[in-house]
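Below is one structure, written out as structure tokens; the observations come after it.
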Amino acid sequence: MAIIAPSLLSANFLQLQQDCDMLNASEADWFHLDVMDGRFVPNISFGPMLVEFFRKSTDKYCDVHLMIEEPEKYAEAFRKAGADNLTVHIEACIHLHRNIQQIKALGMHAGVAINPHTTIDQLKDVLADIDVVCIMSVNPGFGGQSFIPQSLNKIAALKQLITSQGLATKIEVDGGVTLQNAPSIIAAGADVLVAGNSVFKSPDPVETIRALKAL
Ligand code: DX5
Ligand code: ZN
């Protein structure tokens, strides 16, 4: 059974409390919180202040996805805000190994996200040090984009790599996940499904989460 991580980026920001309550009452496992800086990605979302509000609104695991440059400057602030997992982008980290050690030293789980153009080979030497690999199945920056089909091969190859090394690293898939494509994403080896629009824009988000969880 996959871990379901709705992305609050697709929530209604004028009624976040209701959306948090809805997720709390649902079978969602994680809150996926997308932080964007307008530099690493062409969009700006929110920072530690809002993460702290989400933290106070849920007991669920807070999975913070940093789409920002120089993430090392903010790791501590996100720890204080209550992040359980902090994911940084490989493309934004000059000293990725150091970033990962920093996140773990702060007491969080460490994730590394890779953009659609980045190969999984680049993860080999840090795979044993991280808890989550986030495979971006869209170009990061916006919710509601279409899943890039090539991502399926990437998920399968990464799964093989993780299994061959005997690791417990989770594979998270982020971008364009729907009820229709989720079965093939899970079959390819995904452990965590991020879902923004497919949950929040559906007529019955709680039921959509239940259906994703039942796959
Ligand atoms: C994209 C974000 C995603 C996104 C997912 O940059 O990292 O988490 O909000 O939204 P959907 O599921 O609508 O693609
Ligand atoms: Zn994300």
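Count along the sequence shown starting at 1, add 485, and that's the number in our numbering. Ideal Cβ placement from N, Cα and C applies to all residues, glycine included. Bear in mind that the values here come from a model prediction, so they are computed numbers and not experimental data.
Check: Using the Cα positions of valine 658 and leucine 591, report the straight-line distance between them to the nearest angstrom.; Outcome: 25 Å
Check: Would you call the stretch 553-572 and the stretch 687-694 in contact, with 3 or more CB pairs under 8 Å?; Outcome: no
Check: Is aspartate 519 near the ligand DX5, with its Cβ less than 7 Å from a heavy atom?; Outcome: yes
Check: Which same chain residues, not among the five before or five after alanine 687, have their C-beta less than 7 Å away from its C-beta?; Outcome: Checking the displayed sequence, the identity of residue 687 turns out to be serine instead of alanine. Thr693, listed in sequence order.
Check: I need the straight-line Cα distance from leucine 637 to glutamine 665, nearest angstrom please.; Outcome: 14 Å
Check: Using alpha carbons as the reference points, say which of Leu494, Asp506 and Asp548 lies closest to phenylalanine 531.; Outcome: Leu494
Check: Are the beta-carbon atoms of aspartate 544 and aspartate 569 separated by less than 8 Å?; Outcome: no
Check: Quick one, which of Lys698, Pro625, Leu646 and Val684 has its alpha-carbon nearest asparagine 497's?; Outcome: Val684
Check: Kindly list the residues whose CB is nearer than 8 Å to the CB of alanine 642, restricted to its own chain and excluding five residues on each side of it in sequence; keep chain order.; Outcome: Ile605
Check: What's the C-alpha gap between serine 649 and lysine 609?; Outcome: 12 Å
Check: Any heavy atom of the ligand DX5 within a distance shorter than 7 Å of the CB on glycine 626?; Outcome: yes
Check: Is serine 669 near the ligand ZN, in the sense that its beta carbon is under 7 Å from a heavy atom of that ligand?; Outcome: no
Check: Cutting at 8 Å between CB atoms, please list the residues of its own chain near proline 601, excluding the five before and the five after it.; Outcome: Met621, Ser622, Val623, Asn624, Ile633, Gln635 and Ser636
Check: The alpha helix (DSSP H) spanning glutamate 561 covers which residue range?; Outcome: 560-566
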